[in-house]
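S.K.: If you scroll down you'll find the structure; I have some questions about it.
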Amino acid sequence: MSRMKRRREEASQRSKRSRHRDSIGSEDASDDEVLPTNVVVADGPSDDEEKEEDIDEEEDALLDFTQTDYAAQMSQAEPLAGDDKEEEGGKRNKEPTMPKALHKLSDKALDELTAKLVRYMLYKGGLKLPIKFADISKEVFSQYKSVSRYFFYHAKQKIENVFGYRVVQVEDSTSKELYLVLNNASSQEHLLLMNKTGKAASRGFLMMILGLLWCAPARRLSEDDLWKQLIRLDPTVKLKVNHPQLGDIPLLFKTFESQLYLDSTSELDVDLKKIKFYQYGPRTFLEVSKVQILNFVCKLITGRPPSDVQINEVFAEDS
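Using this note's numbering, you'd call the opening residue of the sequence shown number 483 and step up by one each time.
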């Protein structure tokens with residue numbers, strides 16, 4: 483609040499100085515440069531409107547979930563892959579041969595089956611849930627055998643080329659083959675509109691968790707330490723009490739895990755007590771990016787974006 487008050491006072495002083503300079507300039511004007519006696523500024527904002535805009539801009543800048551230009555470059559970049567992964571990915575990107583079970587089907591029937599898988603994948607993507615390849619045959623093509631690979635290829639092409647999403651394979655210990663459907667839009671205006679939806683509170687909470695993990699050793703925290711830091715930031719965040727804006731926070735943690743923003747592991751301490759640790763999930767750096775998290779943390783702590791040195795250090799991590 484003190485910062486906003488200072489901004490209002492500074493804006494008022496600038497406005498007074500500007501009017502003072504204008505009055506001096508009009509008195510010193512030469513006869514050849516006759517100024518009009520009545521000057522009207524059309525459609526200009528008033529001082530009060532300018533102050534309100536300054537306050538709104540400041541609030542948006544403090545918790546800006548959109549990506550800066552350098553953050554967008556990283557979040558939209560494909561993850562680096564080794565030769566083995568590239569070879570394996572190349573095989574999967576090649577159009578598979580049509581299974582014998584589909585030879586008797588018409589083109590219309592094939593298109594309908596492809597559309598069925600497209601709807602399934604977009605539904606999962608809308609909920610930000612991962613797609614287990616093994617589940618496709620059970621949940622979409624239960625009446626056919628060994629057809630999932632063929633339809634997955636065509637559904638992936640349609641999702642990427644028609645709907646503008648990207649389908650990315652990620653590694654996860656719970657599934658042999660796992661995919662995410664990600665928004666491929668890089669327009670900052672589009673991202674800003676997305677972040678102003680009704681889920682802004684939960685996204686802000688997620689960014690806070692990602693920021694705390696960023697500042698932690700090895701970028702992971704025990705469940706107890708994470709809760710302590712969250713309660714220190716907001717005393718209304720409690721384990722067994724519904725938050726006024728966020729609702730059931732333990733359930734929100736489970737949601738972030740199921741969406742692969744967070745990953746958790748358990749270890750035994752010296753007393754053989756099981757300790758749960760949180761770290762970044764595979765979706766985080768594909769969708770949010772390291773630089774965006776760094777930008778968020780720097781703005782929150784210092785009020786300024788990260789320095790070039792900090793940005794270069796993050797780029798060096800993945801080089």
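C-beta atoms are modelled at their ideal positions from N, C-alpha and C, and glycine is treated no differently.
Secondary structure at Lys-614, three-state DSSP: helix, strand or coil?
M.R.: Strand.
S.K.: Do Arg-701 and Phe-759 have their C-beta atoms within less than 7 Å of each other?
M.R.: Contact: no.
S.K.: Going by DSSP in three states, Val-600 sits in which element: helix, strand or coil?
M.R.: Looking at Val-600 - three-state DSSP - the assignment turns out to be helix.
S.K.: Is there contact between the region 704 to 718 and the region 766 to 773, where contact requires at least three CB pairs shorter than 8 Å?
M.R.: No contact exists between the region 704 to 718 and the region 766 to 773.
S.K.: Would Gly-646 pass as a contact of Phe-778 if the rule is Cβ separation under 7 Å?
M.R.: No.
S.K.: Does the count of Cβ pairs from the region 724 to 737 and the region 590 to 605 closer than 8 Å reach three?
M.R.: As far as the Cβ criterion goes, the region 724 to 737 does not touch the region 590 to 605, which means the pair count is below three.
S.K.: Taking the beta strand (DSSP E) that Asn-665 belongs to, which residues open and close that run?
M.R.: Element bounds for Asn-665: 657 to 665.
S.K.: If you draw a straight line from the alpha carbon of Ile-691 to that of Lys-720, how long is it in whole angstroms?
M.R.: Looking at the two C-alpha atoms, the distance is approximately 15 Å.
S.K.: Who does Thr-747 pair with in a DSSP beta bridge?
M.R.: DSSP output for Thr-747 lists Phe-759 as bridge partner(s).
S.K.: Give the straight-line distance between the Cα atoms of Thr-747 and Lys-598, rounded to the nearest whole angstrom.
M.R.: In a straight line, the C-alpha of Thr-747 is about 35 Å away from that of Lys-598.
S.K.: Per DSSP, what kind of secondary structure is Gly-785 in: helix, strand or coil?
M.R.: Gly-785 falls in the coil class under three-state DSSP.
S.K.: Can you tell me whether Leu-750 is buried or exposed? The criterion is at least 16 other CB atoms within 10 Å of its CB, across all chains shown.
M.R.: Exposed is the call here.
S.K.: For Glu-625, does the count of other Cβ atoms within 10 angstroms reach 16, so buried, or fall short, so exposed?
M.R.: Sequence check: residue 625 is Gln here, not Glu. By the neighbour-count rule (16 or more Cβ atoms within 10 Å), Gln-625 is not buried but exposed.
S.K.: Please go through the same chain and pick out, in chain order, the residues whose beta-carbon is closer than 8 Å to the beta-carbon of Ala-616, but skip the five residues on each side of it.
M.R.: Ser-657, Lys-658 and Glu-659, listed in sequence order.
S.K.: How about Thr-579: is its Cβ closer than 6 Å to a heavy atom in the ligand FMN?
M.R.: As far as ligands go, the structure on display features none, and thus does not contain the ligand FMN.
S.K.: Rounded to the nearest angstrom, what separates Thr-718 and Phe-687 at their Cα positions?
M.R.: Each residue's Cα considered, the two are about 13 Å apart.
S.K.: Kindly list the residues whose CB is nearer than 7 Å to the CB of Tyr-473, restricted to its own chain and excluding five residues on each side of it in sequence; keep chain order.
M.R.: The shown model of the chain, from 483 to 801, leaves out residue 473, and the question about it has no answer.
S.K.: How about Met-580 and Tyr-632: are their beta carbons less than 7 Å apart?
M.R.: Yes, the pair counts as a contact, with Cβ atoms nearer than the cut-off.
S.K.: Which of the three DSSP states, helix, strand or coil, is assigned to Val-796?
M.R.: DSSP places Val-796 in helix when its eight states are reduced to three.
S.K.: Residues in its own chain within less than 8 Å of Asp-730 by CB, not counting five upstream and five downstream?
M.R.: For Asp-730, where only same-chain residues beyond five positions count, the Cβ hits under 8 Å are Asn-724.
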